[in-house]
Structures are given as C-alpha cells and as structure tokens.
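**Q** Got a structure here, written out as structure tokens. Questions coming.
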Amino acid sequence: MNFVTVIDLAGSVALLLWGVHMVQTGVQRAFGARLNHFLSTMLRNRFQSFIAGAGITAILQSSTATGLMITGFAANGVIGLPSALAVMLGANVGTTLIVQLLSFDVSRIAPLFVLVGVIMFRRGLNHIRDFGRVFIGLGLILISLHQFLVILHPYTNQPALRTVLGNITDMPFITILLSMILTWIMHSSVAVVLLIASFASHNVIPAETAFIMVLGANIGTALNPVIEGTGKNVIAKRLPMGNLINRVIGAAIVFIFIHPLTHWFTYYYPDINRSIANFHTLFNIATALLFLPFLTPYANLLKKIFPRTKEETVQDPSKPVYLDKSVIQSPILALGNATRESLRLCDILEKMLNGVDDSFKNQTPQIASAARRFDNTLDKLTNSIQSYVTGLDPEALNQNELNQVEKILTFCTQIANAGDVLDRNVLSTVQKMVKQRIILPKPMMDPLQKMMRRIHKNLHTTATLLINEDENIARKLAEEKDIFREIESKVIAIYYENLRQSTDDKKNQIQYGSFMIELARDLKRTNTHVVASAAYPVLDQNGMLLPSRLQPEEDTENYDNDPIKILQREDNILTRD
C-alpha cells in the first residue's frame, strides 16, 4: 500500500466524518428544540428511553453524538442514570441500522441524495435548508463508504494482507484489539463493520474471524464518548463507562459461543454481507435485552465505582452546572444549555434581594454582608456563560441562533449589572443603616417594601420571558418602569412632607429621608436592569421600541410650557398602540 493510497483512505474517512457532521448539524438545526422536548417526554421509563436512543441515533447516524449528548444530560442531573443507560443501549441498536442499509448496494442513490440536498440548500429557507444539509450529509456518507471499499478492493487479493490477516485468525484477542483500535481511530463502527464484511466476502478472513472483529468494533465505538466526553468530572464518567462495560460483558458472553453462532448465522444467512450485518444488529439487541431489566442496580453499582469527589459534593454556586462543552459543536443544544444556566443568575440575584429583606427585618449586619458575597458568584457565573456562548462558531449559526446569542449576552450583562447595584449601593446602604441602628418609620418603609415586592415579581417574569419571549408579558414588564417612577416620586413627596411637619427632630428626619431616597433611587436602578435584561430584547425584536427617547425637534415647542407632558414622556420608550 503506497502513500497515495493511504491519503485516499484518509480522505474517504474524513469525508465520512464530515458527512456524519452535516447530518447531525442539519437534524439539530431543524429539530434541535423538538429533539430536547422529545427526549424530555420520552425518557419516562427504560423501554421508552431505549426507543428514543435508537430513533435519535438512526437520525443522527452516530452513537458517539448521542452518547456525548446524553452524557451531558446525565452529568447535569437532567435525566437519571438508569434512563441514560437505556438510551445508550438504544443508541447501540440505532447505529446498526445504517449497516443493514449499506449491506445492500445503495451507493447508486448517493448522487441523488447530494443533488436533492444541494437544491434544497440553495433554494429553500430555514428548515428546508437544514433538510438539504441532511440529504447532502447522507449522500457524502454513502459516497465515502463506497469509495473506501473501492480503494481497498485491489488489496483484498494481496498475498501479504492475506498472510497478516490469516495469522491473526488463530489469535482472537489480537483480532478484537486490532478491530477496537481501528474503530476508535476512524470514529465509525459503520465503516469498520463494512470493511470487515468486504474482507469476508473476498475470503480474506473466515466468517468466525469476521464476527470476532465485529465484537471488537462494538467495543471500540464505545471508547469515543469515554475519551471525549468525560474530562475530570467523575459523574460524567458513569454513563460512557457503563456503556463500555455493557459492550465488554456482552462481547465476552458472545465470544464464548462464537463457534455455534458462526455456524448458525452462515447456515441461515449464506450471503456473508447479510450475515455480518445481522450479527452486528442482533448482538446489540441481545446486549440491550440482557441489561435492560437490571439497569437500576447497575446504575447504583456505577455510582459506587465512580463516587462524587469532595469538590462535586460541595457544589460551588459560581460553578456552571449546564454548560456542557461536549455539545459546543451543536448550536441548538449549546444555546439551550446556556439559557438554562442563565436562569440560575435569577436565583442568585433573588438571594441578594432576600438579603435586603432579611436585613431590614433582623437588623443584623452579617446578613447584608453575606448577601453581598453573592455578587462575586453572579459575576463568575456570568463570565462563564458569556465565554461559553461566544465560543460558538458564528459561521455555524443561523440568524435565529445569532439572535438567541445576543439575547443571552444581554440578559447576563443586565442581571450582573442589577447585582452590582444591589451590592455596591442597596446592600451597602442597608449595612450602614443597621450598624447605625437606624430603623425607618413605617410611612418611609412602605414604598421601599413595595419596590422590593415588585422587583421579586419582575425577576420571576424576566426568567419566564427568557424562555417564551411573549410580547404582551414583555410590554407589561417594561411598563413597570413607570410604576417605579411613580413610587420614587411618592418617596420624594414623603420626604418633603416630613420636613415641613417636623420641627423638633428635623436632623433625624433629614438623615432618615436621605437613606429612604437613596434606597428608592437604587432599587429603581435595579429594576431598570431587570426589565432591560429580557423585556427590551423581545420588544425590540417585534418593533415595539422607539429608536430614540428624544422628542423630534419640530414637536418640542408643544412641550415647552407643559411640565406634565414632559414628565409623561420621560423614559417612555415604548410605542403605544
């Protein structure tokens, strides 16, 4: 085998991997959000999880992609380990379906797939383009596999190759190891199984050796998620390692009965290509049937083998939970993870708001001090989310995904700004008041507490808006700024009324009033950032925001002598129906 042939083989493998990538990205762009919904609704029991894994892998054409996706879900606690193991058992079966298809001569339809895909990609919009990408990927997969076998065909009769392969027939463990390494390098059990079938059909290796190599290919394809998707996270190792152990145990049991199984398959399926394809499929079905009834105790065993580390047991609140880097090449999944992580920012900000409430109630400076520390957590988590989102390849994103990236970045920035105002201004002022034992009288506290209640409510609304982007909710949330402006005006009125009525204790009234005005102003600023985090992007997207807060010059004379109208237009950036 010369250097040119090696380059041709490497190019065929690269074309195969690129075809699989195109199928995955096309499916994820067309069905990404629905894939997540499909998983969340299907992973209710082991059988449904098994079917979901088989279906998704048949669509994505890669058990490795399914494995990396489910590993992230299991590590983040989205699904339980038994259900995740059931998904992987289904994925192992799903990846054999393309081998079944390619055991027939379907290479003639590959150009048709590419032609249809290119037409859909160039002429279609949105989902049509995505489906075009899927068709192009399928065509490239078929072309690359056919080309791979064509390149190797002349070498099937080479005496040296026959000698090497003939020597390993008496060494089954070396045969399995060779097949494992080859599958791991190629990242495709499909290509290796088809290569094995080609060798067997040309009598380069006997049927029994071919079946043993198929067992090695099944173990080798389980190595990829173990190596690529676990990192240092012990919890993330449980699923891929559990799947690898499944394959090893299943292969060991089948290996014991390899002689009678070889006779049975070759007797009922004289065509060696069909025999190998069926053996590959039935092996994975049998492994699934063997493990499905015992997944719960098996999952418990994996948890004992891979226990949580001390760092994972004591969860750092600033550490991301949902930012799975293994799906960074799948924009839909990555943006979904970033959105879920962004919602945690609301939880942290609410803890800071609770610190303000508790400080007023309990009058202890330690509560405010502890609440201020959450701002550090907020900043670290914000930086993690922003780094994760900006790590996406802009050229791989469509317009909707680019808009989603901008919304997430805006949301994180504004929530972090709200946390800064609470930390540096509100909590700092509250802490100072508690140390000086200053308790505001009820008339002064009432408007401040009203502001706090509305900020809590608005924060919950903001979290909802990040997910559903409802225009009516966004408008109502933006109108909260008017309410806060009215409350601030009321606070100022209370301050001046107290000064006019107070004669004996004017110094204290001035001090109390300054704290009240300062808190009202900063709470209003906090609410402004909360509103801007989610309401403004939705309204801007729907054309509900004015381009400028300034009145056009030709209309200004209508307002020069009307202070009421001037106040009404201040900060009014919403277009009115």
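According to this note's numbering, the sequence shown holds residues 868 to 1444 in order.
Virtual Cβ for every residue (Gly too), placed ideally from N, Cα, C.
Just so you know, these numbers come straight off a predicted model, no measurement behind them.
Where do the ends of the alpha helix (DSSP H) carrying M1038 lie?
**A** Looking up residue 1038 in the sequence shown gives position 171. Careful: M1038 lies outside any alpha helix (DSSP H) and carries neither H nor E.
**Q** Going by C-alpha distance, which of V1223, V985, Q1230, S1065 is nearest T1239?
**A** Taking the first residue of the sequence shown as 1, we reach residue 1239 at position 372. The sequence given here has Arg at residue 1239, not Thr. Comparing Cα positions, the closest option is V1223.
**Q** Could you compute how far the alpha carbon of A1345 sits from the alpha carbon of P1160?
**A** Numbered from 1 along the sequence shown, position 478 holds the residue referred to as residue 1345. Numbered from 1 along the sequence shown, position 293 holds the residue referred to as residue 1160. Looking at the two C-alpha atoms, the distance is approximately 53 Å.
**Q** Measuring only the C-alpha atoms, how far is T1206 from L1333?
**A** Residue 1206 sits at position 339 when you count from the first residue of the sequence shown. Residue 1333 sits at position 466 when you count from the first residue of the sequence shown. Rounded to whole angstroms, T1206 to L1333 spans 8 Å at the Cα level.
**Q** Are there three or more Cβ pairs, one per stretch, closer than 8 Å when the segment 1130-1140 is compared with the segment 948-962?
**A** The segment 1130-1140, when compared against the segment 948-962, does not touch it at the 8 Å Cβ threshold.
**Q** Considering only C-alpha positions, which residue in the set I1018, G1109, N1151, L1210 is nearest to L1082?
**A** Here residue 1082 corresponds to residue number 215 of the sequence shown, with the count starting at 1. Closest by alpha carbon: N1151.
**Q** Using the Cα positions of H1396 and I1008, report the straight-line distance between them to the nearest angstrom.
**A** In the sequence shown, residue 1396 corresponds to position 529, counting from 1. In the sequence shown, residue 1008 corresponds to position 141, counting from 1. Going from the Cα of H1396 to the Cα of I1008 covers about 49 Å.
**Q** Which ranges would you report for the alpha helix (DSSP H) in the segment 1110-1143 if only whole runs of at least 4 residues count?
**A** Taking only runs of at least 4 residues, the alpha helix (DSSP H) segments lying wholly in the segment 1110-1143 are 1125-1135.
**Q** For the pair the segment 1036-1046 and the segment 1071-1085, tell me if three or more CB-CB distances fall below 8 Å.
**A** Yes: the two stretches touch, three or more of their Cβ pairs being nearer than 8 Å.
**Q** When the Cα of D1191 is compared with those of V1256, T1154, L1162, which residue comes out closest?
**A** Locating residue 1191 in the sequence shown gives position 324, where the first residue counts as 1. Answer by Cα proximity: V1256.
**Q** What do you get for T1423, buried or exposed, if any count of 16 or more other CB atoms within 10 angstroms of its CB means buried?
**A** For the purposes of this step, residue 1423 is taken as residue 556 along the sequence shown, with counting starting at 1. Because T1423 sits at a pLDDT of 47, beneath the cut-off of 50, its placement in the model cannot be relied upon, and the point is left open.
**Q** What is the DSSP secondary structure of L1412, counted as helix, strand or coil?
**A** For this step, residue 1412 is matched to residue 545 along the sequence shown. The answer is strand: DSSP assigns L1412 an E or B state.
**Q** With a threshold of 16 other CB atoms inside 10 Å of the CB of A1283, please say whether the residue is buried or exposed.
**A** Walking along the sequence shown from the start, residue 1283 turns up at place 416. Per the 10 Å Cβ criterion, buried.
**Q** Would DSSP call V1293 helix, strand or coil?
**A** Reading the sequence shown from its first residue, position 426 is the one you call residue 1293. Of the three classes helix, strand and coil, the one that applies to V1293 here is helix, per DSSP.
**Q** Which word fits W1051, buried or exposed, when buried means at least 16 other C-beta atoms lie within 10 angstroms of its C-beta?
**A** Residue numbering aside, residue 1051 sits at position 184 when the sequence shown is read from its first letter. Classification for W1051: buried.
**Q** Ignoring anything shorter than 4 residues, give me the alpha helix (DSSP H) runs that lie fully in the segment 1222-1284, in order along the chain.
**A** The qualifying runs are 1232-1257.
**Q** Flag this pair as yes or no: are the beta carbons of L1157 and M955 separated by less than 9 Å?
**A** Within the sequence shown, numbered from 1, the residue matching residue 1157 stands at position 290. Within the sequence shown, numbered from 1, the residue matching residue 955 stands at position 88. Not closer than 9 Å, so no.
**Q** Since K1324 contacts F1351 with CB under 8 Å, what's their CB separation in whole angstroms?
**A** Residue 1324 sits at position 457 when you count from the first residue of the sequence shown. Residue 1351 sits at position 484 when you count from the first residue of the sequence shown. Going by Cβ atoms, the distance from K1324 to F1351 rounds to 12 Å, so no, they are not a contact pair.
**Q** Taking one C-beta from the segment 1206-1217 and one from the segment 1270-1290 each time, how about it: are there three or more such pairs within less than 8 Å?
**A** The answer is yes - the segment 1270-1290 touches the segment 1206-1217, with three or more Cβ pairs under 8 Å.
**Q** State the Cα-Cα distance for the pair I831 and A1064, rounded to the nearest angstrom.
**A** For the chain, the structure presents residues 868 to 1444; residue 831 sits outside this window and is missing.
**Q** Beta-carbon within less than 7 Å of L1216's beta-carbon, same chain only, minus the 5 sequence neighbours each way: which residues are those?
**A** Numbered from 1 along the sequence shown, position 349 holds the residue referred to as residue 1216. Cβ within range, chain order: L1245, I1282, A1285, G1286, L1326.
**Q** For K1247, which residues from the same chain have a beta carbon less than 7 Å from its beta carbon, with the 5 sequence-adjacent residues on both sides left out?
**A** Against the sequence shown, residue 1247 aligns to sequence position 380. Around K1247: S1185.
**Q** Quick check on P1308: buried or exposed, where buried means 16 or more other Cβ atoms within 10 Å of its Cβ?
**A** Residue 1308 sits at position 441 when you count from the first residue of the sequence shown. With fewer than 16 other Cβ atoms within 10 Å, it is exposed.
**Q** How many angstroms separate the CA atom of V1093 from the CA atom of G1087?
**A** For the purposes of this step, residue 1093 is taken as the residue at position 226 of the sequence shown. For the purposes of this step, residue 1087 is taken as the residue at position 220 of the sequence shown. Going from the Cα of V1093 to the Cα of G1087 covers about 10 Å.
**Q** Is the CB-CB distance between S879 and L1012 below 9 Å?
**A** In the sequence shown, residue 879 corresponds to position 12, counting from 1. In the sequence shown, residue 1012 corresponds to position 145, counting from 1. Yes, the Cβ-Cβ distance between S879 and L1012 is below 9 Å.
**Q** For G1380 and M1312, I'd like the C-alpha separation in whole angstroms.
**A** As a first step, residue 1380 is located in the sequence shown; it is residue number 513 there, counting from the start. As a first step, residue 1312 is located in the sequence shown; it is residue number 445 there, counting from the start. Each residue's alpha carbon lies about 11 Å from the other.
**Q** Contact check, L952 vs N1085 under 8 Å by CB: the rounded distance?
**A** As a position in the sequence shown, residue 952 is number 85, starting the count at 1. As a position in the sequence shown, residue 1085 is number 218, starting the count at 1. Contact flag wrong, Cβ pair sits at about 16 Å.
**Q** Using the rule of at least 16 other Cβ atoms within 10 Å of the residue's Cβ for burial, across every protein chain shown, is R1114 buried or exposed?
**A** Looking up residue 1114 in the sequence shown gives position 247. Per the 10 Å Cβ criterion, buried.
**Q** If you follow the alpha helix (DSSP H) that S1011 is in, where does it begin and where does it stop?
**A** The residue you call residue 1011 lines up with position 144 of the sequence shown. Per DSSP, S1011 belongs to the alpha helix (DSSP H) from 994-1019.
**Q** Please go through the same chain and pick out, in chain order, the residues whose beta-carbon is closer than 8 Å to the beta-carbon of V1297, but skip the five residues on each side of it.
**A** The residue you call residue 1297 lines up with position 430 of the sequence shown. The answer, listed in chain order, is V1223, S1226, F1227, A1235, L1386.
**Q** Buried or exposed for K1104, going by 16 or more other Cβ atoms inside 10 Å?
**A** To locate residue 1104, count along the sequence shown from 1; it is residue 237. By the 10 Å Cβ count, K1104 comes out buried.
**Q** Have a look at L1289, L883, I1252, V1293 and flag the residue whose alpha-carbon is nearest the alpha-carbon of I1003.
**A** Taking the sequence shown and counting its residues from 1, one reaches residue 1003 at position 136. If we check each option's Cα against that of I1003, L883 comes out closest.
**Q** Measure how close the beta-carbons of Q1014 and T1148 come, nearest whole angstrom, since I'm counting them as under 8 Å.
**A** The residue given as residue 1014 occupies position 147 in the sequence shown. The residue given as residue 1148 occupies position 281 in the sequence shown. Actually they are not in contact, since the Cβ atoms of Q1014 and T1148 sit about 24 Å apart, beyond 8 Å.
**Q** Our contact map puts L1449 next to T1393 with C-beta atoms below 8 Å; I'd like the distance itself, whole angstroms only.
**A** In the structure as shown, the chain starts at 868 and stops at 1444, and residue 1449 therefore has no counterpart that could be examined.
**Q** Pick out whichever of V1017, L1090, N1070, W1131 has its Cα sitting closest to the Cα of S1451.
**A** A question about residue 1451 goes unanswered here, because the residues of the chain that appear run from 868 up to 1444.
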